[in-house]
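Residue numbers (this note's numbering): 1 to 106.
To keep things clear, I will list the structure first and then write my remarks on it.
Rendered as structure tokens:
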């Protein structure tokens, strides 16, 4: 059997027809005003922190972000170096061993 088979195409066509019928009905879909977000704000309930602790927390967060950034940069540099070394290695492998073999077959 060619095509979708097992009634998949017939089901698709029936769904398209049903959706067209739904679109013809007036007011079937909700108006956009019901989808708009309400203007109400949610109040956040945060614990009160002493100013000394707040400064300490900010320093810890800044240190954590800095450490993660440094690890990411180091990882990227190592990955680039490995990629370049592998590219050079593959180039020389191709040049020395495989290029002559493939040109010999031609």
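Glycine is no exception: its CB is placed at the ideal position from the N, C-alpha and C atoms.
Here DSSP, grouped into helix, strand and coil, assigns residue 49 to coil. The alpha-carbon of residue 100 is positioned some 12 Å away from that of residue 92. Counting only residues of its own chain and dropping the five nearest sequence neighbours on each side, residue 69 has no CB closer than 8 Å to any other CB.
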